[in-house]
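Let me begin by presenting the structure, written as structure tokens, before commenting on it.
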Amino acid sequence: MILTYKIKHNKNFERELELAKKVAEFGLATRSITSKDVKHIGLKSMITNQILKKYSKNKKLKNINSVKLTIPNQGIKLIQGKIYIPCLKLSLEIWFDKGFQKINQIEIGKEFASISVNYNEPKNYIPENIIGVDRNTTKHSLVASNLSTGKVLKLGKECNHIHNKYKHIRKSLQEKGKLKKLKSIKQREKHIIKNINHKITTKLILEAVKVKGGVVLENLKDIRQTAKTRRKQRYSLNSWSYYQQERMLIYKAKKYGVPVFYVEPEYTSQRCSCCGHIEKANRKQKLFQCRKCGEVENADVNAGFNIAYKYQKGISQFDIERDISKGNTDTPKEALLMKPGNFRTQLL
31 MILTYKIKHN KNFERELELA KKVAEFGLAT RSITSKDVKH IGLKSMITNQ
81 ILKKYSKNKK LKNINSVKLT IPNQGIKLIQ GKIYIPCLKL SLEIWFDKGF
131 QKINQIEIGK EFASISVNYN EPKNYIPENI IGVDRNTTKH SLVASNLSTG
181 KVLKLGKECN HIHNKYKHIR KSLQEKGKLK KLKSIKQREK HIIKNINHKI
231 TTKLILEAVK VKGGVVLENL KDIRQTAKTR RKQRYSLNSW SYYQQERMLI
281 YKAKKYGVPV FYVEPEYTSQ RCSCCGHIEK ANRKQKLFQC RKCGEVENAD
331 VNAGFNIAYK YQKGISQFDI ERDISKGNTD TPKEALLMKP GNFRTQLL
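Quick note on our numbering: the sequence shown kicks off at 31 and runs consecutively.
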């Protein structure tokens, strides 16, 4: 398993980065892969070779904006628990897990060093608990419900607030015609959301490891094309970073040996996780209120329990889905689920 970490290097490499750009432009123009051809530029041959390999063979590339200094494995040393790059006289602290097999390469930019490392991928453990994860465009972006213990983890409440905040800022900048500023604001929003997604996915995976739980996700492939939404909800759906969040969850799960499963999302928000009754009217804005048994629950928490239950029982379709596929629209038979009630706790 390959993971990449960013470390701030606190050194000025403007000269080297400028030379690297010249090497890349030469490689793009001549298709040369020999460092001797660019010896006059004055960049270290180890870095030059990596840049020429990357840019000389790229037939689709036409223009070069910026180039990073790429140092291969043979140019990297580990000295007293630190990473040392002799050709740049650069020393970097290792703040991430030191149990890696090797460092593949390091890319140096203006501020950060991107370190690519190899880890042994542990085998997935057999889950003792099932954690259903409901992902949302509004409110908490991720709600995890443990079917066995009743514990609920609510994360990412600030995502929707950030999207709305930057939506209004962009609208104001567009009206004023400040297009350059508009682009930088959009990038800032992306970085903030990415940072939040890193934090909440890490918290979920560490909780799963703690209880030896398996994580169950809804299969949201093509959700933007298939979801029926009101006009007011379209912005939330289109700005939803569920795919980024999912990729982070998967690679972190692999790192810790956490098994990840998928179920189809149909009726998980309409079904009562207490009695199994399915009805569209059950679902209200923030609360889920069952029209049959009267159970009142947070809608996202209820959906999380349904997702976990759907996997645990090996259900591909709830009863109402099977009835509809057969042409039967009568009230479905409910599948009962004993749900931990009074001892549910929230991990904030």
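C-beta atoms are modelled at their ideal positions from N, C-alpha and C, and glycine is treated no differently.
The structure displayed is predicted, hence computed values, not measured ones.
The segment 236-247 makes no contact with the segment 211-223, as fewer than three CB pairs between them are under 8 Å. At a Cβ-Cβ threshold of 9 Å, Ser96 and Gly57 do not count as neighbours. Here the segment 164-179 makes no contact with the segment 122-138; the two share fewer than three CB pairs at distances below 8 Å. In the DSSP annotation of this structure, Val246 is not part of any alpha helix (DSSP H); the continuous beta strand (DSSP E) holding it starts and ends at Gly243 to Glu248. When secondary structure is reduced to three states using DSSP, Lys201 falls in the helix class. For Pro116, the three-state secondary structure derived from DSSP is helix. Considering only Ser86, Lys90 and Glu46, the residue with the shortest C-alpha distance to Lys74 is Glu46. Residue burial is scored here from C-beta neighbours: His70 has fewer than 16 other C-beta atoms within 10 angstroms and is therefore classed as exposed.
Per DSSP, reduced to three states, the secondary structure at Gln217 is helical. Ranked by Cα distance from Cys305, the first of His198, Leu33, Glu55 and Asn336 is Asn336. Across the set Leu185, Arg301, Val163 and Glu188, the C-alpha of Val163 shows the shortest separation from the C-alpha of Asn176. Note on geometry: alpha-carbon atoms of Leu49 and Arg61 lie some 17 Å from one another. Less than 9 Å separates the beta-carbon of Asn148 from that of Ile133. For Gly344, the closest C-alpha among the options Tyr35, Ala329, Tyr114 and Phe291 is that of Phe291. In this chain, the beta strand (DSSP E) harbouring Val173 covers Leu172 to Asn176. One alpha carbon belongs to Thr78, the other to Gly207, and they sit about 41 Å apart. Where Ser86 is concerned, the enclosing alpha helix (DSSP H) starts and stops at Ser75 to Ser86. Spatial neighbours of Ala333 in its own chain (CB-CB distance under 6 Å, excluding positions within 5 residues in sequence) are listed in chain order as Asp164, Thr298 and Ser299. Ranked by Cα distance from Ile37, the options Pro152, Ser146, Glu205 and Ile308 are led by Ser146.
Secondary structure at Leu279: helix, using DSSP grouped into helix, strand and coil. About 6 Å separates the Cβ atoms of Asn150 and Gln131, confirming a contact at the 8 Å cut-off. With fewer than 16 other Cβ atoms from the protein chains shown falling within 10 Å of its own Cβ, Lys66 counts as exposed. Take Lys242, set aside five residues on each side of it, and the residues of its chain with a beta-carbon closer than 7 Å to its own are Tyr155, Pro157, Glu158 and Asn159, in chain order. Shown here for Tyr85: same chain residues with a beta carbon closer than 6 Å to its own, the five before and five after excluded, namely Ala54, Gly57 and Leu58 in chain order.
Counting C-beta pairs closer than 8 Å gives three or more between the segment 273-281 and the segment 221-239, which meets the contact rule.
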